[in-house]
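Student: The numbers in my numbering rise by one with no breaks, and the one at position 91 of the sequence shown is 92. Backbone N, C-alpha and C define an ideal beta-carbon position, used for all residues, glycine too. One structure, as structure tokens, below. Some questions next.
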Amino acid sequence: MDGLPVEPQDRWELYYIQPGVMRAFDNFWNTTGKHPELVEHYANAWRAVADRFAGNDTVAETPVMLWQSAGMVELQGDGPGTSGAAGGDIRPSREVGRRPGDIARTVGVALLPLILLGGSLLGGLIEDNRGTMIGDVLVTWNLVGVFGALVFLPVVVVSLVGAGALAWQFRFGRWLASIGSGAMVLLASALVYGMVADVVDPPEWRDPYSWAPPLTPLTVTIFVAPYLAIAAANVYVVLRLWKRAS
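In structure tokens, the structure reads:
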């Protein structure tokens with residue numbers, strides 16, 4: 002319980018909201034990332050129960066099925082009955098506790114705007130020819146990436162901090178990463194909407210000295226494609242994080 006208190010209570014159910022008990026459950030489910038051995042210990046206990054009642058389809062299956070549905074354990078192998086618990090192998094679920102893929106996925110998606118900016122800057126050095134289709138797209142990517150960094154970078158930082166927090170406090174990291182990913186979806190969607198609106202309903206007057214070249218429907222389609230991909234990737238990250246057992 003990491004030294005947190007548990008005060009005597011008149012009603013037994015009130016013990017569940019005591020700080021020490023709540024921390025014990027956090028450690029048990031490995032949401033803190035500090036005690037992964039508890040998950041293995043629990044799986045070993047149910048493995049022993051399954052071995053003891055091998056051949057009995059009801060005694061061991063019912064509780065294991067309940068904990069399996071909660072994401073605590075998963076069943077390996079084929080055993081009798083509907084879930085295979087009796088005679089099967091019970092192992093800690095891959096959905097419990099830290100998963101390096103969550104962190105790597107969140108970091109990779111958070112860095113996509115910076116990767117796009119770096120690629121467009123490099124492409125601009127190679128194809129420095131405004132007036133061509135590719136040249137106009139690269140120039141616009143660079144302008145949006147450089148001047149939009151004041152907006153994009155704080156969102157990227159929030160997502161990266163959330164990704165780092167996933168390793169030691171999954172629920173906090175999930176909320177932080179979700180906020181960052183959600184903000185990035187909104188920013189990318191607003192940018193796509195603005196670019197498409199300029200083509201569908203172009204302004205009556207355009208600054209002839211504007212740094213941004215005029216874009217055609219085709220070049221706008223190419224321009225918005227990576228931002229649509231960034232938005233979709235961030236949605237995927239959020240869905241994956243919230244699909245996890247916390």
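#1: Give a yes or no on whether the C-beta atoms belonging to Met-265 and Val-225 are separated by under 8 Å.
#2: Roughly how many whole angstroms lie between the Cα atoms of Leu-177 and Ser-160?
#3: Closest to Leu-216 by CA distance: which of Ile-135, Ile-180, Phe-148, Ser-190 is it?
#4: So, for Val-22: in the same chain, excluding its five sequence neighbours on each side, which residues have a beta-carbon less than 7 Å away from its beta-carbon?
#5: Secondary structure at Thr-141, three-state DSSP: helix, strand or coil?
#6: Gly-120 to Gly-109, Cα distance in whole Å?
#7: Under 7 Å Cβ to Cβ from Glu-128, same chain only, skipping five residues before and after it: list those, please.
#8: Run the CB neighbour count on Val-147, radius 10 Å, all protein chains shown included, and call it buried at 16 or more, exposed below.
#9: Can you name the start and end residues of the alpha helix (DSSP H) that Asp-103 belongs to?
#10: Whose CA, out of Arg-106, Leu-126, Gly-183, lies closest to the CA of Ala-168?
#11: Report buried or exposed for Phe-171, applying the criterion of at least 16 other Cβ atoms within 10 angstroms of its Cβ.
#12: Measure the alpha-carbon distance for Leu-219 versus Lys-35 and round it to whole angstroms.
#13: What is the residue span of the alpha helix (DSSP H) that Pro-218 lies within?
#14: From Ile-104 to Asp-11, what does the alpha carbon distance come to, in whole angstroms?
#15: What does the Cβ neighbour count give for Thr-133, buried or exposed, with the cut at 16 atoms within 10 Å?
#16: Consult DSSP for Asp-199 and reduce its assignment to one of helix, strand or coil.
#17: Taking Leu-188 as the reference, give the member of Ala-233, Glu-38, Leu-240, Leu-5 with the closest Cα.
#18: Determine, using beta carbons only, whether Ser-190 and Leu-242 come nearer to each other than 8 Å.
#19: Less than 6 Å between C-beta atoms, sequence neighbours within five positions excluded: which residues of the same chain meet that for Gly-183?
#20: Excluding the five sequence neighbours on either side, which residues of its own chain have a C-beta within less than 6 Å of the C-beta of Tyr-228, listed in chain order?
Tutor: Checking against the coordinates, here is how it stands:
#1: What is shown of the chain runs 2 to 247, which leaves residue 265 out entirely.
#2: 6 Å
#3: Ile-135
#4: Val-7, Tyr-16
#5: helix
#6: 15 Å
#7: Ile-135, Gly-136, Leu-139
#8: exposed
#9: 101-111
#10: Arg-106
#11: buried
#12: 52 Å
#13: 218-244
#14: 42 Å
#15: exposed
#16: helix
#17: Ala-233
#18: no
#19: none
#20: Ala-189, Leu-192, Val-193
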